[in-house]
Amino acid sequence: MSNTTNLVLPYLAVGQAQKHVTVNESLRRLDALVQLTVISATTAAQPSSPADGAVYIVPAGKSGANWSAYANWSLGYYRDGAWEQLTPREGWLAYVKDADQLLCFDGAAWTGLSAAMRLSATDRILGRSTSGAGPAEEIAFTAQARALCDDASFAAMCATLGTWRVVDRVSVASSHTGSTAETALATLTLPGGSLGPNGALRITAVFSYSGTASAKTMRCRLGGSGLSGAQVANLASSSASSMLLQRMIQNRNVENAQIGPSATTGSSFGPSSNGIFTASVDTSVDQPIVFSGQLVTAAETIALESCLLEVAYGA
Numbered sequence: 008m009s010n011t012t013n014l015v016l017p018y019l020a021v022g023q024a025q026k027h028v029t030v031n032e033s034l035r036r037l038d039a040l041v042q043l044t045v046i047s048a049t050t051a052a053q054p055s056s057p058a059d060g061a062v063y064i065v066p067a068g069k070s071g072a073n074w075s076a077y078a079n080w081s082l083g084y085y086r087d088g089a090w091e092q093l094t095p096r097e098g099w100l101a102y103v104k105d106a107d108q109l110l111c112f113d114g115a116a117w118t119g120l121s122a123a124m125r126l127s128a129t130d131r132i133l134g135r136s137t138s139g140a141g142p143a144e145e146i147a148f149t150a151q152a153r154a155l156c157d158d159a160s161f162a163a164m165c166a167t168l169g170t171w172r173v174v175d176r177v178s179v180a181s182s183h184t185g186s187t188a189e190t191a192l193a194t195l196t197l198p199g200g201s202l203g204p205n206g207a208l209r210i211t212a213v214f215s216y217s218g219t220a221s222a223k224t225m226r227c228r229l230g231g232s233g234l235s236g237a238q239v240a241n242l243a244s245s246s247a248s249s250m251l252l253q254r255m256i257q258n259r260n261v262e263n264a265q266i267g268p269s270a271t272t273g274s275s276f277g278p279s280s281n282g283i284f285t286a287s288v289d290t291s292v293d294q295p296i297v298f299s300g301q302l303v304t305a306a307e308t309i310a311l312e313s314c315l316l317e318v319a320y321g322a
């Protein structure tokens, strides 16, 4: 062999004259490759007046008297007024000045170090399973755990885990008096696509009202404009002072078909002689959830004390 295996540095030959030439050639290459720092990995046009010792990663689409003949992703090394092509080996690292980025050569191209790091053939992370000093260890990283870390939002994380999440709420009371007309007390928003074709929507509200014999009616609607949406709940009460309203509505195989318990059952829970709730609201887009109250006696009061929307995504 006349060169070293990894950095291809020229060996001195036995009885060689002008030994300093060969030694200096090796030193120049070491100067370029040890602690490898490149000016850029995206500059495609061969620089016309580079600094001596400058190194570039030569990208695809490169041009120039020398670079046009170089292999994609090779190193263009300028020294002593001339360009030299250096061939990277798999596993080499290079710091890119213009991007403040560390790249790794995988044998075919340069990629970001974080993307190139792999600890094993299966998904794993590096850390400690218990607190304390000592070397880090490989910890099994399941496909679901990786999907959770890859999720871009809390909503996506909840979808991955299959858990409920709060999408909207009101905790400031809103009251109505002085009229027997149905009056909107609060409007929450169901985000479009938050349910998916088989997701569930849970609606919870707390009402308070005058504890008299005349009826007070609490309603909740899904979709529509104002008070025109599909009635999820329509509950009347008298001779009491408060009510917890709760409904769970579920999409059935598509995002515009819903099913749930009867809207007019005598309370939020328990059996009903009325049929189940069905609707065809398009939940792929934002939809309002409207809470309202209606009085028989205008001098009385009805108040929505708080309300909450939760969703569990279902694919």
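Each residue of the sequence shown is one higher than the last, beginning at 8 in our numbering.
We treat Cβ as the ideally placed atom computed from N, Cα and C, and that holds for glycine.
Computed from a predicted model, the values in this text were never measured in an experiment.
{"query": "Going by the DSSP bridge assignment, what does S313 pair with across the sheet?", "result": "V213"}
{"query": "Can the beta-carbon of T184 be found less than 9 Å from the beta-carbon of A306?", "result": "yes"}
{"query": "Quick one: is V331 buried, meaning 16 or more other Cβ sit within 10 Å of its Cβ, or exposed?", "result": "This structure cannot settle anything about residue 331, because the visible part of the chain is limited to 8 through 322."}
{"query": "Go ahead and label Y85 buried or exposed: buried means 16 or more other beta carbons lie within 10 angstroms of its beta carbon, across all protein chains shown.", "result": "buried"}
{"query": "Closest by CA to G218, which one among N73, L302 and D105?", "result": "L302"}
{"query": "Answer yes if the region 286 to 302 comes into contact with the region 228 to 240, meaning at least three C-beta pairs across the two stretches below 8 Å, and no otherwise.", "result": "yes"}
{"query": "Does the distance from the CB of A58 to the CB of P204 come in under 9 Å?", "result": "no"}
{"query": "Given a threshold of 16 other Cβ atoms within 10 Å of its Cβ, counted over all protein chains shown, does S201 qualify as buried or as exposed?", "result": "buried"}
{"query": "Is the distance from the Cβ of G300 to the Cβ of T224 below 9 Å?", "result": "yes"}
{"query": "Look up Y70 in the DSSP assignment and give the residues it is bridged to.", "result": "Going by the sequence as given, residue 70 is Ser instead of Tyr. Its beta-bridge partners are A52."}
{"query": "CB-CB under 7 Å to A247, same chain, minus the five flanking residues each way: which ones, in chain order?", "result": "G218"}
{"query": "Could you give the C-beta distance for A52 and S70, rounded to a whole number, given that I count them as a contact under 8 Å?", "result": "5 Å"}
{"query": "Three-state secondary structure (DSSP) at A76?", "result": "helix"}
{"query": "Assign N330 to one of three DSSP states: helix, strand, or coil.", "result": "The requested residue 330 does not occur in the structure, where the chain is confined to residues 8 to 322."}
{"query": "Mind checking which residues open and close the alpha helix (DSSP H) that includes Q23?", "result": "Q23 -> no alpha helix (DSSP H), and no H or E assigned at all."}
{"query": "Considering only residues of the region 164 to 234, which uninterrupted alpha helix (DSSP H) runs meet the minimum length of 4 residues and lie entirely inside it, listed in chain order?", "result": "none"}
{"query": "Going by DSSP in three states, Q294 sits in which element: helix, strand or coil?", "result": "strand"}
{"query": "Straight-line CA distance for V297 to V318?", "result": "16 Å"}
{"query": "Tell me, please, which residues DSSP counts as bridged to N241.", "result": "R226"}
{"query": "DSSP state of L37, grouped into three classes?", "result": "helix"}
{"query": "With a threshold of 16 other CB atoms inside 10 Å of the CB of N258, please say whether the residue is buried or exposed.", "result": "buried"}
{"query": "Which of the three DSSP states, helix, strand or coil, is assigned to A152?", "result": "helix"}
{"query": "For the beta strand (DSSP E) that contains W99, what are its first and last residues?", "result": "Run containing W99: none; DSSP gives neither H nor E here."}
{"query": "Quick check: L100 and L93, are their CB atoms within less than 9 Å of each other?", "result": "no"}
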